[in-house]
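What follows is a set of notes on a single structure, which appears directly below.
Residue numbers (the numbering used here): -11 to 153.
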């Protein structure tokens, strides 16, 4: 089943920002744990080593076979509402932000990637849709492995993101 893309590109002060929103039927504390605790992250995206209190951890995506361990700088951490990090791989850095708000039994997660290069949006957007859907599946007790990136996300969502960029 091809999924419907939900992300959008906003331009703020000349900077492109990828924004994707997900609603989870879970208390905000549970969603916070799912995005900040290594054991919980492992269910949907990856694991980290190191002490987050130091402001730097080593992160490895476990979904992508052979992915290297990269630095993840913690720029802002306001539990259980906001996490802002910079993922560093070689000379490249991606700023990533998660904002959580609890409303009426749901936790709304807003994922933002400020500074995204418009030329990469058609592949990066579907990738984040996939990972965030894996998060929703894991928190709902479903198997994130049932999601098919190659069939439902990329290239199926690429045109949506090209149009957004």
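Just so it is clear, CB atoms sit at the ideal spot from N, CA and C, and this is done for glycine as well. Bear in mind that the values here come from a model prediction, so they are computed numbers and not experimental data.
Please identify the residue among the options whose C-alpha is closest to the C-alpha of residue i.
| i | options | result |
| --- | --- | --- |
| residue 127 | 36, 26, 63 and 18 | 18 |
| residue 56 | 131, 78, 103 and 21 | 78 |
| residue 129 | 14, 149 and -1 | 14 |
| residue -4 | 73, 53 and 110 | 110 |
| residue 98 | 84, 108, 105 and 107 | 84 |
Alpha carbon to alpha carbon, how far is residue j from residue i? Give it in angstroms, no decimals.
| i | j | result |
| --- | --- | --- |
| residue 51 | residue 1 | 34 Å |
| residue 3 | residue 152 | 14 Å |
| residue 24 | residue 147 | 32 Å |
| residue 71 | residue 16 | 13 Å |
| residue 133 | residue 49 | 14 Å |
| residue 154 | residue -7 | There is simply no residue 154 to check, as the chain begins at -11 and stops at 153 in what is shown. |
| residue 68 | residue 91 | 14 Å |
| residue 20 | residue 34 | 15 Å |
| residue 8 | residue 22 | 17 Å |
| residue 149 | residue 87 | 22 Å |
So, under 8 Å CB-CB, residue i and residue j are touching, yes? Tell me the CB distance rounded to an integer number of Å.
| i | j | result |
| --- | --- | --- |
| residue 46 | residue 38 | 5 Å |
| residue 100 | residue 5 | 6 Å |
| residue 59 | residue 44 | 6 Å |
If I measure Cβ to Cβ from residue i and keep anything under 7 Å in the same chain, skipping five residues before and after, which residues do I get?
| i | result |
| --- | --- |
| residue 135 | 118, 121, 122 and 125 |
Between residue i and the rest of its own chain, which residues show a CB-CB distance below 8 Å, the 5 nearest in sequence each way excluded?
| i | result |
| --- | --- |
| residue -9 | 117, 121, 140, 141, 144 and 145 |
| residue 40 | 24, 62 and 65 |
Using the three-state DSSP reduction, which class does residue i fall into: helix, strand or coil?
| i | result |
| --- | --- |
| residue 135 | coil |
| residue 125 | helix |
| residue 148 | helix |
| residue 113 | helix |
| residue 79 | coil |
| residue 16 | helix |
If I measure Cβ to Cβ from residue i and keep anything under 6 Å in the same chain, skipping five residues before and after, which residues do I get?
| i | result |
| --- | --- |
| residue 11 | 94 and 96 |
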